[in-house]
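Protein chains in written order, with our numbering: chain A, 1 to 283; chain B, 284 to 392.
Written out as structure tokens, the structure is:
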């Protein structure tokens, strides 16, 4: 905990400067939510009533418009988490770590959806829930398992500052692994799994349009859920800071151990020192 | 109007691979639904904690005399000991919230 005092003092300084400018994560949430609902409705309508049936797989191919956007958004989310982690290491601003955590967390949920829908598609198409000889499936599972260790890693580190730093390093390394893994699979010789990117031009116009709308809808859903998560965690941190402020013991009680970022900037901004009291940075 | 529109729409071949397609889309729906349920639980917890904090703040204002700074719930015991009698119906300090109990967020997140 010795090394954490310096960055925390920085947080207080930054928080004092920004007092009254607490970031509003809920800004634009309503518009985003409405856009997502509309986009999802349009996407589902196109999938079931506009896109033609594929010649080989028939109606089963409709899973393509769900499974592939889920996978693309999840993988892009992992990479985005790495980019946000770079911003955190560059600026030491905990808000970037907070965003990186939420994006990776949501990508993990989308990855679960990808694996489940992929298994259902495999069962309908190939007759098996899982095919270990298929590199695309196995590589995605490896990426998923890699990111499944992200939360335990965070939870294993008690010091919030160290937790954020180590998690950022992990997010960057794993984020760099994702595109490398993707390229390696595409360069492999087995082409049992249907190719999507790079062959989109081979799709009929109606199918390509449906796919792009589905991808946009899934991206909007991802963004909306991330924003909900950011807002909820931020609100909870504000309530916690307000409780400490009301109790007059802004730093007497340690926050419970958690895998989530500690959001000290919120505490610093909200929990002004009581008269004659100490600030968190004066520990 | 709706009936006419539905009649114009092409029939879905649900008899062939319908169960797989339905299963896949239900998975997405279930994931979103579970997420919404978790968010509802979180929201109700925040609402409850805010209510507790509001009650604490009101109690702090009541216990402070005219012209005095409203005492925080943590300071209430000292203020009561100095002059006024504490209200036995009110706990000495604000009850600890859910956040103060050791509980990893990852279980809900």
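Here a beta-carbon is modelled for each residue, glycine too, at the ideal position from N, C-alpha and C. Remember, predicted model here, so these are calculated numbers, not experimental data.
List the whole-angstrom C-beta distance separating residue 143(A) from residue 181(A), where the pair is believed to meet the contact cut-off of C-beta under 8 angstroms.
As a working note, residue 143(A) is residue 143 in the first chain. As a working note, residue 181(A) is residue 181 in the first chain. The beta carbons of residue 143(A) and residue 181(A) sit about 6 angstroms from each other, so the pair counts as a contact at 8 angstroms.
Could you check the C-alpha separation between residue 258(A) and residue 156(A) for me, to the nearest Å?
The count along the first chain starts at 1 and reaches residue 258(A) at position 258. The count along the first chain starts at 1 and reaches residue 156(A) at position 156. Rounded to whole angstroms, residue 258(A) and residue 156(A) show a C-alpha spacing of 9 angstroms.
With the cut-off set at 9 angstroms, would you say residue 109(A) and residue 310(B) are in Cβ contact?
Locating residue 109(A) in the first chain gives position 109, counting from the first residue. Locating residue 310(B) in the second chain gives position 27, counting from the first residue. Going by beta carbons, residue 109(A) and residue 310(B) fall outside the 9 angstroms limit.
Let me know the alpha helix (DSSP H) ranges lying completely inside the stretch 200-249 of chain A, each 4 residues or longer, listed in chain order.
Fully enclosed alpha helix (DSSP H) runs of no fewer than 4 residues occupy 205-247 of the stretch 200-249 of chain A, in order along the chain.
With distances taken between CB atoms, is the gap from residue 78(A) to residue 114(A) smaller than 9 angstroms?
Counting from one through the first chain, the residue named residue 78(A) turns up at place 78. Counting from one through the first chain, the residue named residue 114(A) turns up at place 114. Not a contact, by the Cβ cut-off of 9 angstroms.
Check whether the Cβ atoms of residue 65(A) and residue 206(A) sit closer than 9 angstroms, and answer yes or no.
Taking the first chain and counting its residues from 1, one reaches residue 65(A) at position 65. Taking the first chain and counting its residues from 1, one reaches residue 206(A) at position 206. Between residue 65(A) and residue 206(A), the gap from beta carbon to beta carbon reaches 9 angstroms or more.
Mind checking which residues open and close the alpha helix (DSSP H) that includes residue 92(A)?
Position 92 of the first chain holds residue 92(A). Neither: residue 92(A) is in no alpha helix (DSSP H) and is coded neither H nor E.
Out of 231(A), 236(A) and 223(A), which has the shortest C-alpha to C-alpha gap to residue 295(A)?
There is simply no residue 295(A) to check, as chain A begins at 1 and stops at 283 in what is shown.
Reducing DSSP to helix, strand and coil, say where residue 54(A) ends up.
Within the first chain, residue 54(A) is the residue found at index 54, counting from 1. In the structure shown, residue 54(A) sits in a strand (DSSP, three-state: E or B).
With a CB to CB cut of under 7 angstroms and the five nearest residues on each side skipped, what residues in its chain are close to residue 84(A)?
Translated into the one-based positions of the first chain, residue 84(A) becomes position 84. Taking C-beta separations shorter than 7 angstroms and ignoring five residues to either side along the sequence, the partners of residue 84(A) in its chain run 96, 99, 100 and 103, following chain order.
Rounded distance between the beta-carbons of residue 220(A) and residue 39(A), thought under 8 angstroms
Within the first chain, the letter at position 39 stands for residue 39(A). Within the first chain, the letter at position 220 stands for residue 220(A). The pair is a contact, with the Cβ atoms about 5 angstroms apart (cut-off 8 angstroms).
Sequence-distant residues of its chain with Cβ nearer than 7 angstroms to residue 47(A) (five each side left out):
Position 47 of the first chain, counting from 1, holds the residue named residue 47(A). Closer than 7 angstroms at the Cβ level, and outside the excluded window around residue 47(A), lie 62, 65, 210 and 214.
Quick check on the burial criterion: 16 or more other C-beta atoms within 10 angstroms. Buried or exposed for residue 341(B)?
Residue 341(B) sits at position 58 when you count from the first residue of the second chain. A residue is called buried when at least 16 other Cβ atoms come within 10 angstroms of its Cβ; residue 341(B) does not meet this threshold and is exposed.
Distance cutoff 9 angstroms, beta carbons only. Does residue 232(A) sit that close to anything in chain B?
Translated into positions along the first chain, residue 232(A) becomes position 232. Output row for residue 232(A): interface = yes.
What do you reckon, is the C-beta of residue 223(A) under 8 angstroms from a heavy atom of the ligand HEM?
As presented, the structure is devoid of all ligands, the ligand HEM included, so that no description of it is given.
Check the C-beta distance from residue 124(A) over to residue 303(B) and give it rounded, since I have them as a contact under 8 angstroms.
The residue you call residue 124(A) lines up with position 124 of the first chain. The residue you call residue 303(B) lines up with position 20 of the second chain. Indeed, because the Cβ distance is near 4 angstroms, the residues count as touching under 8 angstroms.
With DSSP run on the structure shown, which of helix, strand or coil describes residue 313(B)?
For this step, residue 313(B) is matched to residue 30 along the second chain. DSSP places residue 313(B) in helix when its eight states are reduced to three.
Taking Cβ positions only, does residue 366(B) come closer than 9 angstroms to chain A?
Counting from 1 along the second chain, the entry for residue 366(B) is found at position 83. In this predicted model, residue 366(B) has a pLDDT of only 41, less than 50, meaning its place in the structure is not dependable; the value taken from the coordinates is given anyway. With 9 angstroms as the cut-off, residue 366(B) does not count as an interface residue toward chain A.
When you compare each of 216(A), 86(A), 37(A) and 137(A) to residue 164(A) by their alpha carbons, which one comes out closest?
Start at 1 with the first residue of the first chain, and residue 164(A) comes out as number 164. Comparing Cα-Cα distances from residue 164(A) to each of 216(A), 86(A), 37(A) and 137(A), the minimum goes to 86(A).
What would DSSP say about residue 159(A), mapped onto helix, strand or coil?
Looking up residue 159(A) in the first chain gives position 159. Note: residue 159(A) maps to coil in three-state DSSP.
When the Cα atoms are used, what is the spatial distance from residue 80(A) to residue 73(A)?
If you number the first chain from 1, residue 80(A) lands on position 80. If you number the first chain from 1, residue 73(A) lands on position 73. Going from the Cα of residue 80(A) to the Cα of residue 73(A) covers about 10 angstroms.
Which residue comes first and which comes last in the alpha helix (DSSP H) that contains residue 136(A)?
Position 136 of the first chain, counting from 1, holds the residue named residue 136(A). Where residue 136(A) is concerned, the enclosing alpha helix (DSSP H) stretches over 135-148.
Here's the rule: buried if 16 or more other CB atoms are within 10 angstroms of the residue's CB, otherwise exposed. What is residue 91(A)?
Here the question's residue 91(A) lines up with position 91 in the first chain. That one is exposed.
Helix, strand or coil for residue 69(A) per DSSP?
Taking the first chain and counting its residues from 1, the one referred to as residue 69(A) is at position 69. It is helical.
Applying a beta-carbon distance threshold of less than 7 angstroms, which residues of chain A neighbour residue 316(B)?
Within the second chain, the letter at position 33 stands for residue 316(B). Result: empty, since nearest Cβ-Cβ is about 12 angstroms, beyond 7 angstroms.
Show which residues of chain B have a CB atom less than 7 angstroms away from the CB atom of residue 62(A).
Position 62 of the first chain, counting from 1, holds the residue named residue 62(A). Listed along chain B, the residues sitting closer than 7 angstroms to residue 62(A) by beta-carbon distance are 304.
Going along chain A, which residues have a C-beta under 8 angstroms from residue 325(B)?
Numbered from 1 along the second chain, position 42 holds the residue referred to as residue 325(B). Against chain A, a Cβ distance below 8 angstroms from residue 325(B) picks out 232 and 236.
N- and C-terminal bounds of the alpha helix (DSSP H) containing residue 43(A):
Here residue 43(A) is taken as the residue at index 43 of the first chain, counted from 1. It spans 29-49 - the alpha helix (DSSP H) in which residue 43(A) sits, taken as one unbroken run.
Tell me which residues of the stretch 113-127 of chain A have at least one Cβ-Cβ distance to chain B shorter than 7 angstroms, keeping chain order.
Of all residues in the stretch 113-127 of chain A, 113, 116, 117, 120, 121, 123 and 124 have a Cβ within less than 7 angstroms of some Cβ in chain B.
So, at 6 angstroms on beta carbons, what are the nonlocal neighbours of residue 43(A) in its own chain, with the 5 sequence-adjacent residues on each side left out?
As a first step, residue 43(A) is located in the first chain; it is residue number 43 there, counting from the start. Cβ within range, chain order: 213, 214 and 217.
By how many angstroms is the C-alpha of residue 227(A) removed from the C-alpha of residue 31(A)?
For this step, residue 31(A) is matched to residue 31 along the first chain. For this step, residue 227(A) is matched to residue 227 along the first chain. Spanning the two alpha carbons is a distance of roughly 12 angstroms.
Have a look at residue 390(B) and residue 55(A) and give me their C-alpha separation to the nearest angstrom.
Translated into the one-based positions of the second chain, residue 390(B) becomes position 107. Translated into the one-based positions of the first chain, residue 55(A) becomes position 55. Only weak support exists for where residue 390(B) lies, its pLDDT of 34 falling under 50; the coordinates are left without a value.
Using a Cβ-Cβ distance under 9 angstroms, would residue 163(A) count as near chain B?
Taking the first residue of the first chain as position 1, residue 163(A) is located at position 163. Interface annotation, residue 163(A): not in contact with chain B, CB-CB separation never under 9 angstroms.
Simplified DSSP state of residue 128(A), which is helix, strand or coil
For this step, residue 128(A) is matched to residue 128 along the first chain. In the structure shown, residue 128(A) sits in coil (DSSP, three-state: anything other than H, G, I, E or B).
Show which residues of chain B have a CB atom less than 8 angstroms away from the CB atom of residue 286(A).
Given that chain A is displayed from residue 1 to residue 283, the structure contains no residue 286(A) and the question cannot be resolved.
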